[in-house]
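Chains F and B are the protein sequences, given in the same order. So the first sequence is numbered by numbering that gives the first Met the number 0: it starts at 0 and just counts up by one. So the second sequence is numbered by numbering that gives the first Met the number 0: it starts at 0 and just counts up by one. Only one structure is covered here, and it is reproduced in the block below.
Protein chains: 2
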Amino acid sequence: MKHYGFFRSSAAFRLRIALNLKGLAAEHVLVNFAKQEQLGDAYRNVNPQMRVPSLVLDDGTVLIQSLAIIEYLDERHPNLPLLPKDPKGRARVRGLANLIACDIHPLNNIAVLNYLRDELKADENARNVWYRHWVAQGFQAFEALLAGSSDTGKFCHGDSPGLADVCLVPQVFNAQRYECPLGGYPTLMRVFSACMALDAFDHAQPMKQPEAAFIR
Amino acid sequence: MKHYGFFRSSAAFRLRIALNLKGLAAEHVLVNFAKQEQLGDAYRNVNPQMRVPSLVLDDGTVLIQSLAIIEYLDERHPNLPLLPKDPKGRARVRGLANLIACDIHPLNNIAVLNYLRDELKADENARNVWYRHWVAQGFQAFEALLAGSSDTGKFCHGDSPGLADVCLVPQVFNAQRYECPLGGYPTLMRVFSACMALDAFDHAQPMKQPEAAFIR
């Protein structure tokens, strides 16, 4: 398998965590956003959406969209499952994952921040306020959902890491990078810390990727 | 089951389609966005994220996030499946669904448009340009993915409607409402027409919901 990614991409970070949790090896192919390689013809031929991650299987099949890829890996490699067995539990975990993947991250990715800067002439402060607004709104809900449920354990759902944790950790990294206040989310941050104690999460973090050494 | 929704919400529209395709009945509970009922205490007690849809099961379990809810329904009611059986096909359909649910719709929902208006002082024209930008970017990729794959059939994946179609149709409705040019997406629009020929999609459209008669 080949994993097209970039160290700073949250969505690629999710996939790195999932690969690590599953103990799966994938060749890392750097798509260098600092050189806008995601918009070039070479990468567009891999993924017409020109976003990362993409996972190219050994038979050449291209999978896109981090959550779809991770569900594929979970179906094909059901050891250490990332979703619980019962349908209600699965719905809870997917709901938490989608809260981040659909309602926080899309508003804060680089394409959107660039649009705010270039088209709407939003200055750095306005962009930071925007960023923190969507993180706060999403994390308040996420905290309430974790704190209010007996399904929450050491991790978002029970005592083993799953799809919701895989989405949560990169979002917290981004929030920290943009200096979002995180004091109001004790349950969320407790889960984050539990995740980061695991090699699968720790080794997937942006600054531990090879390209972090030479891309700012 | 109770389905908390609003006629104009794309995400609630997805769930209406899925319920119709499955032949499932759910009591409709109106969350009137025109009165900001989604932000009131009554609804926050149902769903701390204060978004629609929510599906409340007969045992009181609350499910949130449209895709998580629809996957739950598909697991519990596997007749007329919304995902193919093979993992690669499932990944393709989920990838298409997420392209819309993660990369188009979140940028164009009402909370974001209101933020652009109120906080960034973007005028109506600037908001429309924003809207059309993200639709165009997403639909170009979606069209390429449909047109470039032999898995595309009468619908997004094969000849029966599935999760990708459930996401596509509400997004096309929104695009039409915001007068996005749609001439460049022949395959996508062919699939849209095939969907709209089915009662399950047609009966779910916003203007056919009861509250459309009395909410602008």
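Where a beta carbon is used, it is the ideal one built from N, C-alpha and C, also for glycine.
So, under 8 Å CB-CB, B:Cys166 and B:Arg50 are touching, yes? Tell me the CB distance rounded to an integer number of Å. Not a contact, Cβ separation roughly 16 Å.
What distance in whole Å lies between the Cβ atoms of B:Pro205 and B:Leu20, which are believed to be in contact at a cut-off of 8 Å? Wrong, their Cβ atoms sit about 17 Å apart, outside the cutoff.
Any C-beta of chain B under 8 Å from that of F:Val111: yes
Helix, strand or coil for F:Glu178 per DSSP? coil
With a cut-off of 8 Å, does the C-beta of F:Leu119 fall near any C-beta of chain B? yes
Using a Cβ-Cβ cut-off of 8 Å (strictly less than) and excluding sequence neighbours within five positions of B:Ala25, which residues of its own chain qualify? Met0, Lys1, His2, Leu18, Leu54
Based on the DSSP output, what are the partners of B:Gly39 in its beta bridges? Answer is none; B:Gly39 lacks a bridge partner.
For F:Leu81, I'd like the list of residues in its chain whose CB is within less than 6 Å of its CB, leaving aside the five on either flank, ordered along the chain. Asp73, Gly161, Leu162
Can you tell me where the alpha helix (DSSP H) holding B:His2 begins and where it ends? Segment 1-4 is the beta strand (DSSP E) holding B:His2; no alpha helix (DSSP H) there.
Using a Cβ-Cβ cut-off of less than 7 Å, list which residues of the stretch 173-188 of chain F approach chain B; keep chain order. none
Which residues of chain B have a Cβ atom closer than 8 Å to the Cβ of F:Glu70, listed in chain order? Arg89, Ala90, Arg93
Does DSSP put F:Glu123 in a helix, a strand or coil? helix
Taking just the CA atoms, how far does F:Gly152 sit from F:Ala146? 10 Å
Determine whether the Cβ of F:Asn31 lies closer than 8 Å to any Cβ atom of chain B. no
Please report the distance separating the alpha-carbon of F:Gly22 from that of F:Leu62. 19 Å
In chain order, what are the residue ranges of uninterrupted alpha helix (DSSP H) at least 4 long that sit wholly in the stretch 68-131 of chain F? 86-102, 104-107, 109-117
Which term fits F:Asn78, buried or exposed, when burial requires 16 or more other beta carbons within 10 angstroms of its beta carbon? exposed
Can you tell me whether F:Ile63 is helix, strand or coil according to DSSP? strand
Could you pull the DSSP bridge partners for B:Leu54 from this structure? B:His2, B:Leu62
Figure out for me which residue from F:Asn97, F:Ser149, F:Asp117 has the closest Cα to the Cα of F:Ala164. It should be noted that the sequence gives Asp, not Ala, for residue 164 of chain F. When only C-alpha atoms are compared, the closest one is F:Asn97.
Assign F:Val28 to one of three DSSP states: helix, strand, or coil. strand
Check F:Gly157 in the structure and name its three-state DSSP category. strand
What residue does the alpha helix (DSSP H) around F:Arg7 start on, and which one ends it? Run containing F:Arg7: none; DSSP gives neither H nor E here.
Report the residue from F:Asp58, F:Phe154, F:Ile109 whose alpha carbon sits nearest the alpha carbon of F:Leu38. F:Ile109
Does the stretch 110-125 of chain F come close enough to the stretch 177-189 of chain F that 3 or more CB-CB pairs lie under 8 Å? no
Please check the pair B:Leu119 and F:Leu119, which I expect to be a contact at CB under 8 Å, by giving their CB distance rounded to whole angstroms. 6 Å
Would a C-beta distance cut-off of 8 Å place B:Ile69 and B:Phe200 closer than the cut-off? no
Three or more C-beta pairs below 8 Å linking the stretch 128-147 of chain F and the stretch 88-103 of chain F: yes
Could you tell me whether any Cβ in chain F is nearer than 8 Å to the Cβ of B:Ala67? yes
Please report how far the alpha carbon of F:Lys87 lies from the alpha carbon of F:Phe213, in whole angstroms. 45 Å
Whole-angstrom C-beta distance between F:Arg93 and B:Leu56, which should lie under 8 Å: Not a contact, Cβ separation roughly 15 Å.
Leaving out the 5 sequence neighbours to the left and right, which residues in its chain are closer than 6 Å to F:Thr60 when beta-carbon positions are compared? none
Buried or exposed (CB count within 10 angstroms, at least 16 for buried), B:Ser192: exposed
At the 8 Å Cβ level, is F:Gln48 part of the contact set with chain B, yes or no? yes
Could you list which residues in chain F have their beta carbon closer than 8 Å to that of B:Gln37, in chain order? None at all; the shortest Cβ gap to chain F is about 12 Å.
8 Å contact criterion, which B:Asn173 and B:Ser9 should meet: CB distance rounded: 6 Å
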